[in-house]
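A.B. asks: Provided herewith is a single structure, encoded as structure tokens, for subsequent inquiry.
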């Protein structure tokens, strides 16, 4: 649990501490949920959208494949046809 930082660790402890008031546990729970949502939102906002790059790569690969087939067909032709 050390990797979460002291604030989050304290909130987790409050949630699990059966001696705490239910109100305090609920507030800690709600804060953890809010933090989780904030982190998720941050990750979504700053994640790299690679769909455009993927499309470009696919187009390049298709073009290379077509170019390779054209060269194959050119090499198969008999001179004088």
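Numbering (this note's numbering), first residue to last: 1 to 81. Backbone N, C-alpha and C define an ideal beta-carbon position, used for all residues, glycine too.
1. Given a threshold of 16 other Cβ atoms within 10 Å of its Cβ, counted over all protein chains shown, does residue 11 qualify as buried or as exposed?
2. Measuring straight from C-alpha to C-alpha, what distance separates residue 59 and residue 16?
3. Could you spell out where the alpha helix (DSSP H) holding residue 49 opens and where it closes?
4. In angstroms, rounded to a whole number, what distance separates the CA positions of residue 31 and residue 7?
5. Taking the straight line between their C-alpha atoms, what separation do you get for residue 42 and residue 26?
6. Beta-carbon within less than 7 Å of residue 14's beta-carbon, same chain only, minus the 5 sequence neighbours each way: which residues are those?
7. So which of 5, 76, 56 and 48 has the shortest CA-CA distance to residue 35?
8. Given this structure, state the Cα-to-Cα distance separating residue 46 from residue 3, to the nearest angstrom.
C.D. replies: So, from the data block:
1. Buried, since its Cβ has 16 or more Cβ neighbours within 10 Å.
2. When rounded, the distance between both Cα atoms is 53 Å.
3. DSSP places residue 49 in no alpha helix (DSSP H); its state is neither H nor E.
4. So the two alpha carbons sit approximately 10 Å from each other.
5. Taking the straight line joining both Cα atoms gives about 24 Å.
6. These residues qualify, in order along the chain: 20, 24, 25 and 28.
7. Comparing Cα-Cα distances from residue 35 to each of 5, 76, 56 and 48, the minimum goes to 5.
8. Cα atoms of residue 46 and residue 3: separation of roughly 22 Å, rounded to the nearest angstrom.
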